[in-house]
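Undergrad: Can you read through this structure? Questions will come right after.
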DNA sequence: TCTTAGGCATAGCAACCTTAGGTATCTATT
DNA sequence: AATAGATACCTAAGGTTGCTATGCCTAAGA
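So this is what it looks like as structure tokens:
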């Protein structure tokens, strides 16, 4: 029994997430304007009713990568004695979201064609 | 312009495929009973109207991996002077397909919740 | 003859996720 | 007061796994 499964519920196999993480991040930032890392993990958990849990070891490197590419910018803010690093889309990030979303859409359609030939 | 894009059409970003390749292979084998490698690449291309193209460098290692796990068995057959290696699901492979398919289904639902909050 | 299609395979590379740890603050419970 | 859990950031090591490039071979067609 894996540690992260202590709630005895079925979770999404993290391997499936490979390739979709950036899209998820960008979409959430597009929707909410700005978010900090921890907030993103919580939002994903909330939306998917716990099915998808972003690990920090995946999230933070991804955020840094996207920032490095000029897709995101950051701003540090102190909340009490805590520091939060807020991320938001740059202009090129805005374009990136559109592309990523349509790419993901195409991908899902194609996968459906293979996996659910009757429906699709 | 990447080599594999010489037909000047939009293709699925191969990165999205990460994590889904095994499921695709297993589903096709489940549906067709037995298939050989090249046949799988063609079938995927056909079903998805060219959107998804499995590279051989991805497919063959994946097939060998699945065989190594006991999920697939193989049988060589000579067609004329050509050799074909046919793959089919083992019993444990049959169970694996069911699990993989429902996992993929859950995953797509969850992704939809994030990316298309209005629809889902 | 040269190219394209069919058919298999591997080595090296790169991406990136998981695991596992580290630091620190705040709140609630014991 | 001590402990635990949530909040909040981060990184290193290791492993999985797809892609690129390449190799070998046969068959068919221009």
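Protein chains in written order, with my numbering: chain A, 1 to 120; chain B, 1001 to 1120.
For glycine and all other residues, C-beta sits at the position ideal for the given N, C-alpha and C.
(1) Taking the alpha carbon of residue 1068/B as the point to measure from, which residue in 1054/B, 1078/B, 1087/B, 1077/B has its own alpha carbon closest?
(2) For residue 1018/B, which option in 1070/B, 1028/B, 1053/B, 1049/B has the closest C-alpha, if you only look at C-alpha atoms?
(3) Check residue 1052/B in the structure and name its three-state DSSP category.
(4) Judging by CA-CA distance, which residue of 1116/B, 1106/B, 1089/B, 1079/B is the nearest neighbour of residue 50/A?
(5) Can you round the beta-carbon distance between residue 1097/B and residue 1043/B to whole angstroms, since I take them to be within the 8 Å contact cut?
(6) For the beta strand (DSSP E) containing residue 1074/B, list its first residue and its last residue.
(7) Return the CA-CA distance between residue 41/A and residue 1083/B, expressed in angstroms with no decimal places.
(8) Please confirm whether residue 1033/B has its beta-carbon closer than 7 Å to some beta-carbon of chain A.
(9) If we ignore side chains and look at the alpha-carbon of each, how far apart do residue 39/A and residue 1012/B end up?
(10) Apart from the five residues just before and just after residue 92/A, which ones in its own chain have a Cβ nearer than 7 Å to its Cβ?
(11) Taking DSSP as the reference, what is the three-state secondary structure of residue 1045/B?
(12) Residues of chain A with CB under 7 Å from residue 1018/B, in chain order?
TA: For this structure:
(1) Nearest of 1054/B, 1078/B, 1087/B, 1077/B to residue 1068/B, Cα basis: 1087/B.
(2) Comparing alpha carbon positions, the residue from 1070/B, 1028/B, 1053/B, 1049/B closest to residue 1018/B is 1053/B.
(3) In the structure shown, the three-state DSSP call for residue 1052/B is coil.
(4) The shortest C-alpha separation from residue 50/A is found at 1106/B.
(5) Actually they are not in contact, since the Cβ atoms of residue 1097/B and residue 1043/B sit about 16 Å apart, beyond 8 Å.
(6) Residues 1072-1079.
(7) About 50 Å.
(8) Residue 1033/B does not count as touching chain A.
(9) C-alpha separation (whole angstroms): 30 Å.
(10) Closer than 7 Å at the Cβ level, and outside the excluded window around residue 92/A, lie 70, 71.
(11) Three-state DSSP puts residue 1045/B in a helix.
(12) For residue 1018/B, the chain A residues whose Cβ falls inside 7 Å of its Cβ are 18, 19, in order along the chain.
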